[in-house]
Amino acid sequence: MSSTLNAGTTNCSRAGNIRLLTTGRIRVALYGIGLAPAAWSFFLGATNSLGADPVRSFEDLLGVWALRFLILGLLVTPLRKLAGVNLLSYRRALGLLAFWYAAMHFATYAFLDRGLDLPVILADVTKRPFLIIGMVALLILAALAATSNRVSIRRLGRGWMRLHRLVYPAVALGAVHFVMSVKSWPLEPLVYAGVVSVLLSYRVLAPFLRSRLPRRARA
Ligand code: HEM
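Each number in my numbering comes from the position in the sequence shown (counting from 1) with 303 added on.
Below you can see the structure in the form of C-alpha cells.
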C-alpha cells in the first residue's frame, strides 16, 4: 500500500518536474524570440540597411515592440478567463521584455538621437508632453521590473499586487504617447490605442459583470 502511494507521489513529482522544465524552456525561447526584432534591426542598422533615417527607424521599432509586449501581457488574463488558455507562467517574461524594449527605446533616443546632450534631454522630458508621458510610463515599468522577483513578492506582501496594478496606467500612457508622437492621424497608433482601451475596459468591467452573473453562470 505504502509502496503504491510512494510510486504515485514519485510519478506526480516527476510530471511536475517535466512541466517545470518545459515551462522554463518555453520561457527561455520566449526571451530569445522576443529580443530577435531588436537584434535583427540592430544588425540592419549596423550594416546600413535600415533606410534613410536608421536611428529614427530603430527608435520607432523598439517603442512599438515595447507596446506590443505590454499588450500581450494584458491579454494573459482574458485569454485564461474567456478561452481557458493559461499563459500565466509567461506573464513576467512578457512584462520584462516590454520593459527592456522601452529601456532600449529610451537609450536610443538619449544616446543616438540626442547624442547624450543632458541639458537637451532634460528640457525634452520636462517640457514636451508626449515625452513626459513616455517617461512616466518608463519609470513605472522600471519599478515593476525591479520588483518582479520572488524576494520582492515576499517582502512587499499585499503591496506587491497594488504596485503591479500600475501596469494598467503604464500601458495606457504608452498608447497615448504613441498617438501623440505622430503629427497627423495615421491608423496604426489609433489601432493600438483601441486595442489597449478594449483590454483595459475588460479589466475594469470584468469583476463588475462577474458579480452580477448568477452563481452557476460564473463557475
Ligand atoms: C513605456 C514607455 C514607452 C513606450 C511604450 C513608447 C512607445 C513609443 C511608440 C510606439 C512610438 C511611435 C513609434 C512609431 O512612430 O512607429 C514612440 C515614439 C517616440 N518615443 Fe516612445 N515610448 C516609451 C517611452 C519613451 C521615452 C521614455 C522616451 C524619451 C524620453 C520616448 C521617446 C520617443 C520619441 C522621441 C518618439 C518619436 C520618434 C519619432 O519621431 O519617430 N519614448 N514611442
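Ideal placement from N, C-alpha and C gives every residue a C-beta, glycine not left out.
By Cβ distance below 8 Å, which residues in the same chain neighbour LEU503 in space, the five residues on each side in sequence not counted?
LEU377, TYR471, VAL474, ALA475
Taking 7 Å as the cut-off, is the CB of HIS408 close to at least one heavy atom of the ligand HEM?
Under cutoff, so the answer is yes.
Nearer than 7 Å: is that true of the beta carbon of LEU434 relative to any heavy atom of the ligand HEM?
yes
For TYR505, which residues of its own chain have a beta-carbon under 7 Å away from its beta-carbon, when the five flanking residues on both sides are left out?
PRO381
Out of ARG330, SER392, PHE481, ARG417, state which residue places its alpha-carbon closest to the alpha-carbon of ILE436.
Of the residues ARG330, SER392, PHE481, ARG417, the one whose Cα lies closest to the Cα of ILE436 is PHE481.
For the ligand HEM, is there any heavy atom lying closer than 7 Å to the beta carbon of VAL470?
no
Would you mind reading off the limits of the alpha helix (DSSP H) that contains TRP368?
357-386
The ligand HEM heavy atoms versus the CB of MET438: any closer than 7 Å?
Under cutoff, so the answer is yes.
Cα-Cα separation between ASN351 and THR450, rounded to whole angstroms:
Rounded to whole angstroms, ASN351 to THR450 spans 38 Å at the Cα level.
Consult DSSP for ASN389 and reduce its assignment to one of helix, strand or coil.
coil
Quick check: what's the CA-CA separation for LEU375 versus LEU365?
15 Å
Of the listed residues SER484, TYR334, GLY398, LEU512, nearest to GLU362 (C-alpha basis)
SER484
Test item: CB-CB of ALA369 and TYR393 under 8 Å
no
Comparing the CB of GLY366 with every heavy atom of the ligand HEM, is any distance shorter than 7 Å?
yes
Beta carbon of ASP363: closer than 7 Å to some heavy atom of the ligand HEM?
Taken from the Cβ of ASP363, at least one heavy atom of the ligand HEM lies inside 7 Å.
Mapping DSSP to helix, strand and coil, what is PRO489?
coil
Can you list, in chain order, the residues of its chain whose CB lies under 6 Å from that of MET438, leaving out five sequence neighbours each side?
VAL428
Report the three-state DSSP secondary structure of ASN351 (helix, strand or coil).
Looking at ASN351 - three-state DSSP - the assignment turns out to be coil, as it is neither helix nor strand.
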